[in-house]
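Numbered by UniProt numbering, the letters in the sequence shown go through residues 1 to 634 in order. Using N, Cα and C, we set each Cβ at its ideal position, and we do this for glycine too. Beneath this line is the structure, given in structure tokens, with notes to follow.
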Amino acid sequence: MEAPLSTWPWDNLGICKYLLYGPFLAKWLYSRSQEDSIKETTWCLHILIICFLRCNMYVAWNSFSNMLFLTRNRRIIKEGVDFKQVDNEWDWDNFIMLQAIMGSLGFYMLQGLVDLPLWDLRGFLAIIILHIAIAEPLYYFLHKCFHGSYLFNNYHSLHHSSPVPQPLTAGHATLLEHIILGAITGIPILGSCLMGYGSLTMIYGYVLIFDCLRCFGHCNFEIIPHQLFQSIPFLKYMIYTPTYHSLHHTEKGTNYCLFMPIFDVLGNTLNPKSWEMHTKISVESGQNGRVPEFVFLAHVVDMTSSMHAPFLFRSFASTPFCTRLFLLPLLPIAFVFMFVMWAYSKVFLATFYNLRGRLHQTWVVPRFGFQYFLPFAAEGINNLIEQAILRADKLGVKVISLAALNKNEALNGGGTLFVNKHPDLKVRVVHGNTLTAAVILKEIPDEVTEVFLTGATSKLGRVIALYLCRRQVRVLMLTTSTERFQKIQKEAPAEYQKYLVQVTKYQAAENCKTWIVGKWITPREQSYAPKGTHFHQFVVPPILAFRRDCTYGDLAAMRLPEDVQGVSSCEYTMERGVVHACHAGGVVHSLEGWTHHEVGAIDVNRIDLVWETAMKHGLKPVSFSKRQINKLIN
């Protein structure tokens, strides 16, 4: 049985909980038509504005704390946030709604007692005194009580269940805790107003500064330089640091204060490592942290997908990407940042995760998909990729894997440009397409005797054709270039060359029910496929699922091993814990410790080896039927 006031009354409402703000908006809009009551109901507008500002405060702080390209060397707890924590903290803003209701009662009380001016300097002095004299010691006492056995197990343990503090973690607590916190926040405000020193500016300022300091304490990266405390020693007793508060999460019997460590000193609950650890993190902030063993060099697809980064909207990034209405008003901002990224031209760290004790990172080339197809941009993009490879080599990274357009054949020959230019590279450059080909090929049932292949002379198309012909599968290769077809055909063993057949029109596949699509095809071109056709594909973007009488495969992808840690965002449109096969190919290369570069043409003889190695390391295909997966396992 749940303890009283341990759950939220609107837990089951989902997104509809935001309708609870409706009465505030309705009351204020109604007052606009009733001139006599405008002044009395202005507090409804103020509550809505404060709630909006508070939500944005937490989101902005959370974005800042997850900008790893700025904070990676100052992080306190090195582990990454996982999906479980994201889901647990999904309704972090419940307390803002609760305190809006509590605040409305306070405003209603004050309406009959005082007429709040816009500004009163005495109010700021009064609220500081009341905060130090009442709010801080009261919070310290109650917080310490919540670490008692009953209250902790039934209430406060929820807050401590988040292994990595984040600004949004500050709101992750039970109803009872936030009722008490709201009351503590309201005491200095109500007291100042009753003393006749209250003002609207004071209320806005106190609430937002209170939130800012809570976000600051939970941000998980150190901001305050240790030199400040060395210059002004007493200051360390007056303001806590993220390091100070993180110790409370890891060593729960210490550091109970709200914002001022002086109360932990007076209560004999100060963690003796607080400032030593703070100094250590501050000193080491100028040094590179732990070197990753594997780096995936990604790129932005388009302006809307650029907002799928975990340092912008954590909850949005934790679900597969799709265009949402709330993104549309932000497109102009994304458009401006596109030009800023173009001008800044520096690869940045976006995400990281741990696998088998090895650090894996995702770096992002600040270029949008369409820029890769601008002839004058090719040199600049290759320079960025080259700089990333050289930086990885200098750091000691073992494997760097190139995403989709970063290994474009026309751009850099699938990575061969960089390997040939820098023959002494210690970092292994990998395009990962061997595993991509393996995933596509293993999806094709053993009983298939004929396939239709578009994009047949591309890097992946070539190796798929060569592999299938060895299985004595007849491959209808759609290409108008006889020269390129014959070149591929000659690569096949003489006894299997007859299985490769050149076709120049889609009508040639009217009786073939297995299509492998490597070049985007229109609904009209799909219409030539017979009923019951299955479309396998390795084309980006995926083809439209136009035919209801046919089935469509997903892009080649694999699920990361179950022991992966710190994954909290989805890779583009992939499900949670799923990455594109080329990304997984780089992971396998790293885990296996292979020392060769995987660039240029795909070696057909390595497809089965790479596939079996991926299976050995716990990676799983995601688009297979249960029958196929059981067959692989058995």
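R391 versus S481: straight-line alpha-carbon distance, rounded: Here residue 391 refers to the residue found at position 391 when the sequence shown is read from its first residue. Here residue 481 refers to the residue found at position 481 when the sequence shown is read from its first residue. If I take the Cα positions, the gap works out to 40 Å.
Under 9 Å between C-beta atoms of A173 and Y155: To locate residue 173, count along the sequence shown from 1; it is residue 173. To locate residue 155, count along the sequence shown from 1; it is residue 155. For A173 and Y155, yes; Cβs fall inside 9 Å.
Backbone secondary structure at Q166 - three-state DSSP: Here the question's residue 166 lines up with position 166 in the sequence shown. Reduced to three states, the DSSP call for Q166 is coil.
DSSP three-state assignment for H249, whether helix, strand or coil: As a first step, residue 249 is located in the sequence shown; it is residue number 249 there, counting from the start. Three-state result, H249: helix.
Beta-carbon proximity of G518 to L460, cut-off 9 Å: Within the sequence shown, the letter at position 518 stands for residue 518. Within the sequence shown, the letter at position 460 stands for residue 460. It is a contact, given that the beta carbons lie within the stated cut-off.
Residue closest to L181, alpha-carbon to alpha-carbon, out of V164, P165, F141 and S199: Counted from its first residue, the sequence shown places residue 181 at position 181. The option with the nearest alpha carbon to L181 is F141.
Straight-line gap, K426 to R471 (C-alpha atoms, nearest Å): Within the sequence shown, numbered from 1, the residue matching residue 426 stands at position 426. Within the sequence shown, numbered from 1, the residue matching residue 471 stands at position 471. Going from the Cα of K426 to the Cα of R471 covers about 37 Å.
8 Å CB neighbourhood of M338 in its chain, flanking five on each side removed: Translated into positions along the sequence shown, residue 338 becomes position 338. In chain order, M303, S306 and F368 place their CB closer than 8 Å to the CB of M338, counting only its own chain and leaving out the 5 sequence neighbours on each side.
Cβ distance (whole Å) where C570 is taken to contact T319 below 8 Å: For the purposes of this step, residue 570 is taken as residue 570 along the sequence shown, with counting starting at 1. For the purposes of this step, residue 319 is taken as residue 319 along the sequence shown, with counting starting at 1. That pair is a contact at about 6 Å.
Selected residue, minimal CA-CA separation from F296, among I602, A494 and H589: As a first step, residue 296 must be located in the sequence shown, where it is residue number 296. That would be H589, whose Cα lies nearest to the Cα of F296.
Three-pair Cβ contact test at 8 Å for the stretch 268-288 versus the stretch 238-249: The stretch 268-288 vs the stretch 238-249: in contact.
Minimum C-alpha distance to P366 - residue among D120, Q387 and R54: One-based indexing of the sequence shown puts residue 366 at position 366. Of the candidates D120, Q387 and R54, the one whose C-alpha sits nearest the C-alpha of P366 is Q387.
With 16 other Cβ atoms within 10 Å as the buried cut-off, status of P233: To locate residue 233, count along the sequence shown from 1; it is residue 233. So P233 counts as exposed.
Euclidean distance between Cα positions of E136 and P292: For the purposes of this step, residue 136 is taken as the residue at position 136 of the sequence shown. For the purposes of this step, residue 292 is taken as the residue at position 292 of the sequence shown. If you take the alpha carbons of E136 and P292, they lie about 42 Å apart.
Span separating the alpha-carbon of K631 from that of L325: Locating residue 631 in the sequence shown gives position 631, counting from the first residue. Locating residue 325 in the sequence shown gives position 325, counting from the first residue. Here K631 scores only 44 on pLDDT, less than 50, and its place in the model should not be relied on; the value that follows carries that caveat. Distance between the alpha carbons of K631 and L325 is about 42 Å.
Three or more C-beta pairs below 8 Å linking the stretch 161-170 and the stretch 79-86: Contact between the stretch 161-170 and the stretch 79-86 is present: three or more C-beta pairs spanning the two stretches fall below 8 Å.
Reference I15; option with closest CA among W90, L48, I50 and E447: Within the sequence shown, the letter at position 15 stands for residue 15. Closest by C-alpha distance to I15, out of W90, L48, I50 and E447, is W90.
Exposure label - A3; buried when at least 16 CB within 10 Å: Within the sequence shown, residue 3 is the residue found at index 3, counting from 1. Here A3 is exposed. Its C-beta has fewer than 16 other C-beta atoms within 10 Å.
Rounded separation between E575 and V540 - CA only: Walking along the sequence shown from the start, residue 575 turns up at place 575. Walking along the sequence shown from the start, residue 540 turns up at place 540. Going by the C-alpha atoms only, they are around 17 Å apart.
Cβ separation of A456 and L478, assumed to be a contact under 8 Å, to the nearest whole Å: On the sequence shown, residue 456 is found 456 positions in, with the first residue counted as 1. On the sequence shown, residue 478 is found 478 positions in, with the first residue counted as 1. About 6 Å separates the CB atoms of A456 and L478; that is less than 8 Å, so the two are in contact.
Inter-residue spacing [alpha-carbon to alpha-carbon] between K620 and L98: By one-based count along the sequence shown, residue 620 stands at place 620. By one-based count along the sequence shown, residue 98 stands at place 98. Answer to the nearest angstrom: the Cα atoms are 44 Å apart.
Rounded separation between W61 and S315 - CA only: Within the sequence shown, numbered from 1, the residue matching residue 61 stands at position 61. Within the sequence shown, numbered from 1, the residue matching residue 315 stands at position 315. Between W61 and S315, the C-alpha separation is close to 14 Å.
Check whether T208 and R54 have beta carbons under 9 Å apart: Within the sequence shown, numbered from 1, the residue matching residue 208 stands at position 208. Within the sequence shown, numbered from 1, the residue matching residue 54 stands at position 54. Sequence inspection shows Leu at residue 208; the Thr mentioned does not correspond to that position. Yes; because the gap between Cβ atoms is below 9 Å, this pair is in contact.
Short Cβ contact (9 Å threshold) for G198 with G123: Position 198 of the sequence shown holds residue 198. Position 123 of the sequence shown holds residue 123. Result yes, Cβ atoms of G198 and G123 sit closer than 9 Å.
T201 - containing alpha helix (DSSP H), residue span: Residue 201 sits at position 201 when you count from the first residue of the sequence shown. L200 to H218 is the span of the alpha helix (DSSP H), which, as asked, contains T201.
Coil, strand or helix - N354 by DSSP: Working through the sequence shown from its first residue, we reach residue 354 at position 354. The DSSP-derived three-state label of N354 is strand.
Proximity winner among V463, T514 and E379, relative to V448 (alpha-carbon distances): On the sequence shown, position 448 is the one that residue 448 refers to. Nearest C-alpha to V448: T514.
Cα-Cα separation between V599 and V419, rounded to whole angstroms: To locate residue 599, count along the sequence shown from 1; it is residue 599. To locate residue 419, count along the sequence shown from 1; it is residue 419. Taken atom to atom, the span from the alpha-carbon of V599 to that of V419 is near 8 Å.
C-alpha gap between G577 and V567, whole angstroms: As a position in the sequence shown, residue 577 is number 577, starting the count at 1. As a position in the sequence shown, residue 567 is number 567, starting the count at 1. Each residue's alpha carbon lies about 7 Å from the other.
Under the three-state DSSP convention, the category L555 falls into: Reading the sequence shown from its first residue, position 555 is the one you call residue 555. The answer is coil: DSSP assigns L555 none of H, G, I, E or B.
Per DSSP, cross-strand counterpart(s) of M477: Reading the sequence shown from its first residue, position 477 is the one you call residue 477. M477 is bridged by DSSP to L453 and Q502.
Euclidean distance between Cα positions of A614 and T362: Translated into the one-based positions of the sequence shown, residue 614 becomes position 614. Translated into the one-based positions of the sequence shown, residue 362 becomes position 362. Separation of A614 and T362 (C-alpha to C-alpha, rounded to the nearest whole angstrom) is 20 Å.
Three-pair Cβ contact test at 8 Å for the stretch 554-568 versus the stretch 353-360: The stretch 554-568, when compared against the stretch 353-360, does touch it at the 8 Å Cβ threshold.
Residue interval of the beta strand (DSSP E) (run including I134): Position 134 of the sequence shown, counted from the start, is the residue given in the question as residue 134. Neither: I134 is in no beta strand (DSSP E) and is coded neither H nor E.
Backbone secondary structure at P621 - three-state DSSP: Indexing the sequence shown from 1 puts residue 621 at position 621. Note: P621 maps to strand in three-state DSSP.
The stretch 599-611 / the stretch 432-450 touching (three or more Cβ pairs under 8 Å): Result yes; three or more Cβ-Cβ pairs closer than 8 Å.
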